[in-house]
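Asks: Take a look at the following structure, please.
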Amino acid sequence: MNAHTHATGLLGVPADQVMRLPKDGDAEGWAKFNERIADQFYANARPAAADAYEFNGVDLSNPIDKAFIEDFRGTAFENGVSQKQMDGFMKWFGEANERINAQIIEQTKTERAANQAALDQAWGEKAQVYKTEIPNVVAKLAEKAGLFDPQNGETAEKVLQALNIEGDAMADNPTLMRLLAVVADMTAEPEVLPGTARTIPSGQGAMTPAQAKEALDAFMANKDKTEPFYNPAHQGHAVAKAEWQRLINAMHPSSGG
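In the working numbering, the protein residues as written are 20 to 276.
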């Protein structure tokens, strides 16, 4: 009975008619019978050649992916894999890749959060200043290194992307970020130390209110300072705003904190 049931699935006729063929002269019956046999043979047999395997929806524009598929085709052909089996393999590969990619994304989020927490703890109140100033420092270094030409309208965007020094990606390499934070301090103007509670002149104590007012007047007269200060979208806005606030605090020490 099992053999009859299996034959029914293959030939598409009732179990009590598995041995019955179309009558002579029944062209339509024979055409359907032959088509069904051909379909079953194609689905359960190895293709005529390795390159006959179909990979619908697979992008072969990448040379590495194309080389893998070609090798996979050859191995499958040597082991008698049918197109139906190949379709099953490819479906499994696709689903497995989706699961792996989802796991990688979640792992990256978890690692970034942990790295960012460690950086915030190490930097303390300087954290927000560094998040803004580090990209500025890298942009200046990249320009000096000739990695982009601002005269031709180029920006440091590609350099920042290549080094993952943008947004949340900055936490991917906390060691590099801590080194660049030191560079940011070293390249800051002597009277403006990022993250300090007040503006401190090089080699001196805290600014006097008179010194702070003089520095603030110079700040407001400097276009390189006021442009980022008045433009929230500017990369250096947070640094300029922090500098301005420190000068205000130094002018009014009793209220600056």
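We treat Cβ as the ideally placed atom computed from N, Cα and C, and that holds for glycine.
For the 8 Å Cβ check, are there 3 or more pairs between the segment 134-147 and the segment 102-118?
Replies: no
Asks: Across the segment 223-238 and the segment 174-185, are there enough close Cβ pairs to call them in contact, namely three or more that are closer than 8 Å?
Replies: no
Asks: Could you tell me the distance, in whole angstroms, from the CA atom of residue 249 to the CA atom of residue 160?
Replies: 25 Å
Asks: With DSSP run on the structure shown, which of helix, strand or coil describes residue 77?
Replies: coil
Asks: Below 7 Å CB to CB, which residues in the same chain sit around residue 156 once its five sequence neighbours on both sides are set aside?
Replies: 199, 202, 203, 206
Asks: When we look at the beta-carbon of residue 255 and count the other beta-carbons within 10 Å, is it buried (16 or more) or exposed?
Replies: buried
Asks: Between residue 52 and residue 103, what straight-line distance do the alpha-carbon atoms span, to the nearest angstrom?
Replies: Approximately 20 Å between the Cα atoms of the pair.
Asks: If you run the structure through DSSP and keep just helix, strand and coil, what is residue 169?
Replies: helix
Asks: Please state the DSSP three-state secondary structure of residue 72.
Replies: coil
Asks: Return the CA-CA distance between residue 259 and residue 127, expressed in angstroms with no decimal places.
Replies: Inter-residue distance for residue 259 and residue 127 is about 32 Å (C-alpha atoms, whole angstroms).
Asks: Are the segment 129-141 and the segment 185-193 touching, with three or more C-beta to C-beta distances below 8 Å?
Replies: Counting Cβ pairs under 8 Å, three or more are found: they touch.
Asks: From what residue to what residue does the alpha helix (DSSP H) around residue 145 run?
Replies: Segment: none, residue 145 is in no alpha helix (DSSP H) and carries neither H nor E.
Asks: Within the same chain, show all residues whose beta-carbon is closer than 7 Å to that of residue 88, passing over the 5 residues directly before and after it, in chain order.
Replies: 74, 77, 79
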